[in-house]
Amino acid sequence: NAGVTQTPKFRVLKTGQSMTLLCAQDMNHEYMYWYRQDPGMGLRLIHYSVGEGTTAKGEVPDGYNVSRLKKQNFLLGLESAAPSQTSVYFCASSPDRGITGNTIYFGEGSWLTVV
Amino acid sequence: GQQVMQIPQYQHVQEGEDFTTYCNSSTTLSNIQWYKQRPGGHPVFLIQLVKSGEVKKQKRLTFQFGEAKKNSSLHITATQTTDVGTYFCAGPSGNKLVFGAGTILRVKS
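Those protein sequences? They're chains A and B, same order as listed.
Going by the numbering used here, the first residue of the first sequence is number 438, and it counts up by one from there.
Going by the numbering used here, the first residue of the second sequence is number 9, and it counts up by one from there.
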């Protein structure tokens with residue numbers, strides 16, 4: 438059971454380039470999330486999805502787009518990368534909303550550097 | 009929107025000393041969760057507290073949920089080098105889980 442898998446794990450981008458981070462979960466979870474983690478800022482929610490075909494904005498959505506065409510996949514896109522998007526990105530999933538007490542399972546992270 | 013504040017931001021302790029991190033929410037929480045992230049790793053769920061005044065223990069870790077359900081704490085007794093990492097609290101807000109900024113724990117052996 439792989440859990441939550443993110444690709445790629447490391448990437449260096451030039452300013453203005455685009456890229457997509459892929460998240461896949463094999464636990465049949467309804468909810469999926471993309472967080473970014475920066476020193477001293479904790480985990481900030483970028484976008485999330487409450488089910489296949491749905492997406493919603495989180496705390497810091499600007500500069501990112503997402504898609505959830507299949508239940509098991511949640512894609513995070515950067516259309517025109519900026520140095521401010523240098524961060525560690527975590528995908529996560531849960532069977533239901535966090536408020537019902539279900540654990541959120543995190544992927545191993547994707548380290549993105551924009552130069 | 010709801011805010012979850014966590015203190016201290018950073019603590020460096022001698023092995024064997026105790027450690028406590030505190031979490032405060034701007035609103036009443038239905039539950040609070042705690043996660044641990046090892047250096048270079050990803051956050052891993054530790055525990056959830058639901059009831060007012062609830063106390064739960066996991067070996068040397070003691071978790072408390074305040075009577076007003078607006079604050080929580082994690083206490084580690086006699087820290088070990090395996091305890092190093094960042095500890096996050098998180099509380100629900102609508103469909104989302106809001107994380108505190110985390111407390112980084114370093115242990116000197």
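Even for Gly, the Cβ is constructed at its ideal location relative to N, Cα and C.
Residue i classed as buried or exposed, judged by whether at least 16 other C-beta atoms fall within 10 angstroms
{"i": "residue 72 (chain B)", "result": "buried"}
{"i": "residue 50 (chain B)", "result": "buried"}
{"i": "residue 17 (chain B)", "result": "exposed"}
{"i": "residue 77 (chain B)", "result": "buried"}
{"i": "residue 535 (chain A)", "result": "In this predicted model, residue 535 (chain A) has a pLDDT of only 49, less than 50, meaning its place in the structure is not dependable enough to derive any value."}
{"i": "residue 46 (chain B)", "result": "exposed"}
{"i": "residue 111 (chain B)", "result": "buried"}
{"i": "residue 444 (chain A)", "result": "exposed"}
{"i": "residue 36 (chain B)", "result": "exposed"}
{"i": "residue 88 (chain B)", "result": "exposed"}
Distance, residue j Cα to residue i Cα
{"i": "residue 48 (chain B)", "j": "residue 524 (chain A)", "result": "13 Å"}
{"i": "residue 98 (chain B)", "j": "residue 552 (chain A)", "result": "32 Å"}
{"i": "residue 448 (chain A)", "j": "residue 105 (chain B)", "result": "27 Å"}
{"i": "residue 60 (chain B)", "j": "residue 85 (chain B)", "result": "23 Å"}
{"i": "residue 454 (chain A)", "j": "residue 90 (chain B)", "result": "40 Å"}
{"i": "residue 493 (chain A)", "j": "residue 542 (chain A)", "result": "19 Å"}
{"i": "residue 68 (chain B)", "j": "residue 113 (chain B)", "result": "15 Å"}
{"i": "residue 478 (chain A)", "j": "residue 109 (chain B)", "result": "5 Å"}
{"i": "residue 94 (chain B)", "j": "residue 452 (chain A)", "result": "30 Å"}
{"i": "residue 484 (chain A)", "j": "residue 502 (chain A)", "result": "8 Å"}
{"i": "residue 520 (chain A)", "j": "residue 550 (chain A)", "result": "7 Å"}
{"i": "residue 476 (chain A)", "j": "residue 527 (chain A)", "result": "14 Å"}
{"i": "residue 70 (chain B)", "j": "residue 456 (chain A)", "result": "43 Å"}
{"i": "residue 540 (chain A)", "j": "residue 439 (chain A)", "result": "16 Å"}
{"i": "residue 63 (chain B)", "j": "residue 513 (chain A)", "result": "38 Å"}
{"i": "residue 107 (chain B)", "j": "residue 65 (chain B)", "result": "21 Å"}
{"i": "residue 10 (chain B)", "j": "residue 102 (chain B)", "result": "10 Å"}
{"i": "residue 55 (chain B)", "j": "residue 533 (chain A)", "result": "17 Å"}
{"i": "residue 28 (chain B)", "j": "residue 474 (chain A)", "result": "23 Å"}
Bridge-paired residues (DSSP) for residue i
{"i": "residue 493 (chain A)", "result": "A:485"}
{"i": "residue 6 (chain B)", "result": "Nothing about residue 6 (chain B) can be reported from this structure: the residues present for chain B run from 9 to 117 only."}
{"i": "residue 121 (chain B)", "result": "In this structure chain B extends from 9 to 117, so residue 121 (chain B) is not present and cannot be described."}
{"i": "residue 100 (chain B)", "result": "B:105"}
{"i": "residue 513 (chain A)", "result": "A:458, A:503"}
{"i": "residue 475 (chain A)", "result": "A:479"}
Proximity test, Cβ basis, 9 Å: residue i and chain E
{"i": "residue 20 (chain B)", "result": "In the structure shown, chain E does not exist; the protein chains are A and B."}
Cβ neighbours of residue i in the same chain (closer than 8 Å, five flanking residues each side left out)
{"i": "residue 116 (chain B)", "result": "20, 21, 22, 23"}
{"i": "residue 446 (chain A)", "result": "545, 546, 547, 548"}
{"i": "residue 482 (chain A)", "result": "470, 471, 472, 495, 496, 497"}
{"i": "residue 92 (chain B)", "result": "46, 47, 113, 114, 115"}
{"i": "residue 509 (chain A)", "result": "461, 462, 463, 465"}
Beta-carbon contacts of residue i that lie in its chain and below 6 Å, excluding the five residues immediately before and after
{"i": "residue 469 (chain A)", "result": "486, 511, 530"}
{"i": "residue 30 (chain B)", "result": "15, 81"}
{"i": "residue 33 (chain B)", "result": "12, 78, 99"}
Residues of its chain near residue i, where Cβ-Cβ distance is below 7 Å and the 5 sequence neighbours each way are ignored
{"i": "residue 53 (chain B)", "result": "41, 43"}
{"i": "residue 505 (chain A)", "result": "469, 486, 489, 490, 491, 492, 511"}
{"i": "residue 58 (chain B)", "result": "39"}
{"i": "residue 500 (chain A)", "result": "515, 519, 522"}
Identify each residue in the stretch 99 to 111 of chain B for which the Cβ-Cβ distance to at least one residue of chain A is less than 7 Å, and report them in chain order.
100, 103, 104, 105, 107, 108, 109, 110
Query - Interface positions of the stretch 70 to 91 of chain B facing chain A (Cβ-Cβ less than 7 Å), listed along the chain - result: Correct list: empty, as no residue qualifies.
Along the stretch 46 to 63 of chain B, where does the CB come closer than 9 Å to a CB of chain A? Name the residues. 48, 49, 50, 51, 52, 53, 56, 58
> the stretch 456 to 481 of chain A: which residues have C-beta closer than 7 Å to a C-beta of chain B, in chain order?
Replying inline: Within the stretch 456 to 481 of chain A, the residues whose Cβ lies closer than 7 Å to some Cβ of chain B are 477, 478, 479, 480, listed in chain order.
_Please identify, using Cβ separations under 9 Å, the residues of the stretch 490 to 519 of chain A that lie next to chain B, in order along the chain._
493, 495, 496
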